[in-house]
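A.B. asks: Take the sequence shown: its letters are residues 4 to 225, numbered as in my numbering.
From the three backbone atoms N, C-alpha and C, an ideal C-beta is built for every residue, glycine too.
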Amino acid sequence: MRGKFITFEGGEGTGKSTQSGLLAKRLRGFAIGVVQTREPGGSLGAEIIRHVLLSGAAKPLGPEAEAMLFAAARADHIKTTITPALERGKWVICDRYIDSTRVYQGAAGNVDPRFISGLERLIVGDVMPDLTLILDIDPQIGLARAAARRNDASVDRFEQEKLDFHVKLRDAYREIAAANPDRCVLIDAQGTPDVVTTAIWKVVEKRLAPATAPVSLEGAAS
Ligand code: T5A
4 MRGKFITFEG
14 GEGTGKSTQS
24 GLLAKRLRGF
34 AIGVVQTREP
44 GGSLGAEIIR
54 HVLLSGAAKP
64 LGPEAEAMLF
74 AAARADHIKT
84 TITPALERGK
94 WVICDRYIDS
104 TRVYQGAAGN
114 VDPRFISGLE
124 RLIVGDVMPD
134 LTLILDIDPQ
144 IGLARAAARR
154 NDASVDRFEQ
164 EKLDFHVKLR
174 DAYREIAAAN
184 PDRCVLIDAQ
194 GTPDVVTTAI
204 WKVVEKRLAP
214 ATAPVSLEGA
224 AS
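Structural data, given as structure tokens:
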């Protein structure tokens, strides 16, 4: 039986990595086999493209070219990591996926939505998330969290954008949540990590019923 596919979305520093890890741990407690992954990245080829994108090396090519690079990374990630895991009955938790392209390159980067949806049809097909958790927070708080965590490390390609870019991201994510209620749930990410974890778990329990999932024959630690 195909596993479940959960994606985390949201602006910078909203807590996606933190909450992905906590959810993976909790699901493993139910003997569910979990693959935790991220975009851009999550496979050998995609991690190389991640470096090109986040270093800003592709920025001069323009947002359409960046969208194509994100799509190329996603194609490799789907083929080598996501689809094989789902076919083995694993639950895949992915930090960012299609909505990041819709929002960063589409809504905030002004790439034509028809271009974005064309790429999506070609690359993603029916590998759609069963559940997308959109972590929602005032972008100034998210950026401050990301900056505090970074210490002296250099700021990446998209964190460098001005505040109005990040406000557009938040608005676009809220629109996606409103337009796709069967797949997406908006989560208030302002509380402590524990409060956010509780809100997420309520949604996962209600929508995906992990307590009744088949126990993984390959063990829960993967
Ligand atoms: N991108 C990606 C595109 O433009 N198009 C695409 O198609 C795709 C897939 C990826 C970049 O690529 C762009 C979007 C991104 O700019 P990344 O390095 O993976 O870059 O960056 P992010 O996904 O933005 O990840 P971040 O690490 O910046 O943020 P997270 O994962 O949302 O936040 P997290 O969990 O690392 O937390 C940040 C800090 O806040 C603390 C944590 O301990 C950490 O220090 N924190 C909290 N503090 C207080 N209260 C809470 N509730 C907290 N939760 C976490």
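I'd like the list of long-range same chain contacts for Ser-103, defined as Cβ closer than 8 Å, with 5 residues on each side in sequence excluded.
C.D. replies: Along the sequence shown, read from residue 1 onward, the residue named residue 103 stands at position 100. Only Glu-12, Glu-42, Phe-73 meet the Cβ criterion.
A.B. asks: Less than 8 Å between the C-beta atoms of Trp-94 and Lys-205, yes or no?
C.D. replies: Numbered from 1 along the sequence shown, position 91 holds the residue referred to as residue 94. Numbered from 1 along the sequence shown, position 202 holds the residue referred to as residue 205. Cβ distance not < 8 Å, so Trp-94 and Lys-205 don't count as in contact.
A.B. asks: Could you check what DSSP says for Gly-6 in three-state terms: helix, strand or coil?
C.D. replies: Walking along the sequence shown from the start, residue 6 turns up at place 3. DSSP places Gly-6 in coil when its eight states are reduced to three.
A.B. asks: Short check: CB of Leu-122 to CB of Ala-192, under 8 Å?
C.D. replies: Counted from its first residue, the sequence shown places residue 122 at position 119. Counted from its first residue, the sequence shown places residue 192 at position 189. Cβ distance not < 8 Å, so Leu-122 and Ala-192 don't count as in contact.
A.B. asks: At the level of alpha carbons, what is the spacing between Ala-223 and Arg-31?
C.D. replies: Numbered from its first residue, the sequence shown carries residue 223 at position 220. Numbered from its first residue, the sequence shown carries residue 31 at position 28. Confidence at Ala-223 is low in this model, with a pLDDT of 46, below 50, so the placement of that residue should be treated as unreliable; the coordinate-derived value is given next. Looking at the two C-alpha atoms, the distance is approximately 5 Å.
A.B. asks: Does the beta-carbon of Ala-27, which I'm using as the reference point, lie nearer than 7 Å to any heavy atom of ligand 1?
C.D. replies: To locate residue 27, count along the sequence shown from 1; it is residue 24. Because no heavy atom of ligand 1 lies under 7 Å away, the Cβ of Ala-27 does not count as near it: no.
A.B. asks: Return the Cβ separation of Ala-34 and Ser-219 in integer angstroms, given the expectation that the two are a contact with Cβ distance under 8 Å.
C.D. replies: Along the sequence shown, one-based indexing puts residue 34 at 31. Along the sequence shown, one-based indexing puts residue 219 at 216. Correct: roughly 6 Å between the Cβ atoms.
A.B. asks: Does the Cβ of Leu-56 have 16 or more other Cβ atoms within 10 Å, making it buried, or fewer, making it exposed?
C.D. replies: For the purposes of this step, residue 56 is identified with residue 53 of the sequence shown, where counting begins at 1. Result: buried.
A.B. asks: Does the beta-carbon distance from Gly-16 to Ala-175 come in below 8 Å?
C.D. replies: Residue mapping note: residue 16 aligns to position 13 of the sequence shown, counting from 1. Residue mapping note: residue 175 aligns to position 172 of the sequence shown, counting from 1. It is not a contact, given that the beta carbons lie outside the stated cut-off.
A.B. asks: So what does DSSP say about Gly-92, is it helix, strand or coil?
C.D. replies: On the sequence shown, position 89 is the one that residue 92 refers to. Looking at Gly-92 - three-state DSSP - the assignment turns out to be coil, as it is neither helix nor strand.
A.B. asks: Please name the residue, chosen from Glu-67, Ala-68, Ala-212, Ile-96, that lies closest to Ile-81 on a Cα-to-Cα basis.
C.D. replies: Start at 1 with the first residue of the sequence shown, and residue 81 comes out as number 78. Minimum Cα distance to Ile-81 is reached at Ile-96.
A.B. asks: Using a Cβ-Cβ cutoff of less than 6 Å, which residues in the same chain neighbour Ile-140 once the five nearest sequence positions on both sides are dropped?
C.D. replies: What you label residue 140 is simply residue 137 of the sequence shown in a count that begins at 1. Excluding sequence neighbours, Ile-140 sits near Thr-17, Ala-192, Gln-193.
A.B. asks: For a minimum of 4 consecutive residues, which ranges assigned as the alpha helix (DSSP H) are wholly contained in the stretch 164-207?
C.D. replies: The stretch 164-207 contains these whole alpha helix (DSSP H) runs: 166-182.
A.B. asks: Flag this pair as yes or no: are the beta carbons of Leu-189 and His-169 separated by less than 8 Å?
C.D. replies: For the purposes of this step, residue 189 is taken as residue 186 along the sequence shown, with counting starting at 1. For the purposes of this step, residue 169 is taken as residue 166 along the sequence shown, with counting starting at 1. Not a contact, by the Cβ cut-off of 8 Å.
A.B. asks: Which term fits Ile-9, buried or exposed, when burial requires 16 or more other beta carbons within 10 angstroms of its beta carbon?
C.D. replies: By 1-based counting over the sequence shown, the position of residue 9 is 6. Result: buried.
A.B. asks: Applying the criterion that 16 or more other CB atoms from any shown protein chain within 10 Å of the CB defines a buried residue, is Lys-171 buried or exposed?
C.D. replies: In the sequence shown, residue 171 corresponds to position 168, counting from 1. It counts as buried.
A.B. asks: Under 8 Å Cβ to Cβ from Glu-69, same chain only, skipping five residues before and after it: list those, please.
C.D. replies: The count along the sequence shown starts at 1 and reaches residue 69 at position 66. The answer, listed in chain order, is Leu-56, Ala-61, Lys-62, Gln-108, Gly-112.
A.B. asks: Whose C-beta lies closer than 6 Å to the C-beta of Gly-44 among residues of the same chain, with five residues either side of it excluded?
C.D. replies: The residue labelled residue 44 in the question sits at position 41 within the sequence shown. Within the same chain, Gly-44 has close Cβ partners Glu-50, Arg-53.
A.B. asks: Could you check what DSSP says for Thr-83 in three-state terms: helix, strand or coil?
C.D. replies: Mapped onto the sequence shown, residue 83 falls at position 80. Correct three-state label for Thr-83: helix.
A.B. asks: Along the chain, where does the beta strand (DSSP E) containing Thr-21 start, and where does it finish?
C.D. replies: Within the sequence shown, the letter at position 18 stands for residue 21. That residue, Thr-21, is in no beta strand (DSSP E); its alpha helix (DSSP H) goes 19-31.
A.B. asks: So what does Leu-138 bridge to, in DSSP terms?
C.D. replies: Position 135 of the sequence shown, counting from 1, holds the residue named residue 138. According to DSSP, which records beta bridges pairwise, Leu-138 is partnered with Gly-13, Ile-190.
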